[in-house]
DNA sequence: GTTATTGTACCGATCGTTCGGTATAATCTT
DNA sequence: AAGATTATACCGAACGATCGGTACAATAAC
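Chains as they are written, first to last, in our numbering: chain A, 14 to 206; chain B, 14 to 206.
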């Protein structure tokens, strides 16, 4: 089992069950390793697993999902690509966000710090593209936070109501939010829900 | 201890620790009751506690928070009152939402159903006021979902980054979202963050 | 004195964690 | 090159603690 696979499995358990809800048995089954083997790889136990998973989220996943932002091409096209990237990452809204599920309860200070760092990286990435459209620093930050909040909230709504359309809408409205375009009378044809 | 106090304590534990994170010991300590007393009141155990807490959220808390919506007065004033009501409920963004924290992991089918019902009641309440401003049914639903998603996402962001300003902004933008007013160039004076 | 309610003592199961040990591969010694 | 040693990855079995839940006697309320 490669490191990437191992982390993928761990991440999946944590993000669907949360920190407390993810038992070592669950993690062992998901990874195909015995609990003692997990302790060999993570001497710090479950807290270390959560912390390293959260770190990878900030350092690898966020960078990967936001990569299209800093490529070439018109800004709308780049944002469209990021939207598709996020839709894939969250499986259309069917999967929860690690930032949400693992920040509940006692996940240990290292994990909490890593989660906060991941969130801030995401905010900074969005803010950077918002600043491209002429927004000043503070306004860019606000737009970035609002865009992420819209996505995170839609994921919560999807988990509770089993309706992923608000998530699809949040992704669709992402360019408007970041670029400061009026979305009052946007087109919702065939996107009701 | 009155029923209201009892439920308040239980709700507090569930919404800050989630279902799995809320142990019977925690619940017993928070309520000042022994486990046997809790089982006398909730023969169905922790699952029943969670379900009844979620039911009260939908039937009492949502109704209470949204009450100003259906009183007299101009619609902006009513929405302002709801915003203050929600700010109090979430303590300015410092407290998580039960819809979020208790929907993670295995909270039992009754609780899940009650949480979904609570979310839908909230959506319907917001949609009703959105419809007042001339939006058709589908558009009102969308605005209501988006408004709630903005709030829930801001609460997630607040929990992770310890920054409650996105929450304050979500509340502030609530009237604009529901009434379909352009909020592109809204005033953010003294509300940066 | 009857009925609720609580306190105490438990239960089996599972929690996160640790320990002793195995197999293979790399590293060192000579 | 051969043998001894170390490092790495994994496993099975158990640890004490806590989990959610139960049985029942003592107490409180009426």
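Every residue, glycine too, gets a C-beta built ideally from N, C-alpha and C.
- Short of 8 angstroms from the beta carbon of residue 152 of chain A, and not among the five residues preceding or following it, lie these beta carbons of its own chain, in chain order: 143 and 193.
- Runs of the alpha helix (DSSP H) spanning 4 or more residues and lying entirely within the segment 76-117 of chain B occur at 88-102 and 111-114, in chain order.
- Among the residues of chain A, none has a CB under 8 angstroms from the CB of residue 188 of chain B; the nearest is roughly 13 angstroms distant.
- In the three-state reduction of the DSSP assignment, residue 44 of chain A falls in the helix class.
- Secondary structure note for residue 29 of chain B: its alpha helix (DSSP H) is the uninterrupted segment 16-34.
- For residue 194 of chain A, there is no enclosing alpha helix (DSSP H), since its DSSP letter is neither H nor E.
- Under the Cβ criterion of 8 angstroms, residue 89 of chain A is not counted among the residues facing chain B.
- Taken through DSSP and simplified to helix, strand or coil, residue 133 of chain A comes out as helix.
- Taken atom to atom, the span from the alpha-carbon of residue 93 of chain A to that of residue 98 of chain B is near 37 angstroms.
- Spatial neighbours of residue 70 of chain A in its own chain (CB-CB distance under 8 angstroms, excluding positions within 5 residues in sequence) are listed in chain order as 24, 111, 112, 127, 128 and 131.
- The continuous alpha helix (DSSP H) containing residue 154 of chain A extends over residues 150-174.
- If you draw a straight line from the Cα of residue 186 of chain A to the Cα of residue 136 of chain A, it is about 16 angstroms long.
- Where residue 59 of chain A is concerned, the enclosing alpha helix (DSSP H) starts and stops at 58-69.
- At least one CB of chain B lies nearer than 8 angstroms to the CB of residue 165 of chain A.
- Interface residue (Cβ-Cβ distance to chain B less than 8 angstroms): residue 60 of chain A is not classified as such.
- 8 angstroms or more divides the Cβ of residue 123 of chain B from the Cβ of residue 35 of chain B.
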